[in-house]
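Comments concern the structure below.
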Amino acid sequence: MSLDSSDVEKIAHLARLAIAPEQTERYAADLSNILDLVAQMDAVDTTDVEPMAHPLHMAQRLRADAPSEPNQRDLFQGNAPLAEAGLYLVPKVIE
-15 MSLDSSDVEK IAHLARLAIA PEQTERYAAD LSNILDLVAQ MDAVDTTDVE PMAHPLHMAQ
45 RLRADAPSEP NQRDLFQGNA PLAEAGLYLV PKVIE
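The structure is reproduced here in structure tokens:
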């Protein structure tokens, strides 16, 4: 796909970008190259390719799900103006 300088000016206007008039030809060529690359990738047959969540076949190293600090809820709620049954009480905001 080939873009010209008027296409670049339209795209720049829609994106609210200020582009110097002497640079529109260069941007047109660069964007045309990008669109050509996308067209090449779109032409590749990917019917037998399984989708991947990550480009590397690696397992995520996970740490043990264990608490790393003592429970200090009572200490923190002691500083709160209102707390009841382990919950912070706040004024009603929405009617």
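For the sequence shown, our numbering assigns the number -15 to the initial residue and increments by one for each residue that follows. All C-beta atoms, glycine included, are put in the ideal place defined by N, C-alpha and C.
In this structure, how does DSSP classify L(-2) when only helix, strand and coil are distinguished?
Indexing the sequence shown from 1 puts residue -2 at position 14. Residue state, collapsed to three classes: helix.
Considering only the beta carbon of each residue, do M(-15) and A23 sit closer than 8 angstroms?
Taking the sequence shown and counting its residues from 1, the one referred to as residue -15 is at position 1. Taking the sequence shown and counting its residues from 1, the one referred to as residue 23 is at position 39. The answer is yes: Cβ separation under 8 angstroms.
Which class does V43 belong to by DSSP, given the choice of helix, strand or coil?
For this step, residue 43 is matched to residue 59 along the sequence shown. Rather than Val, the amino acid found at residue 43 in this sequence is Ala. A43: coil per DSSP, three-state reduction.
Using DSSP's beta-bridge definition, name the partner residues of Y72.
The count along the sequence shown starts at 1 and reaches residue 72 at position 88. Its beta-bridge partners are A67.
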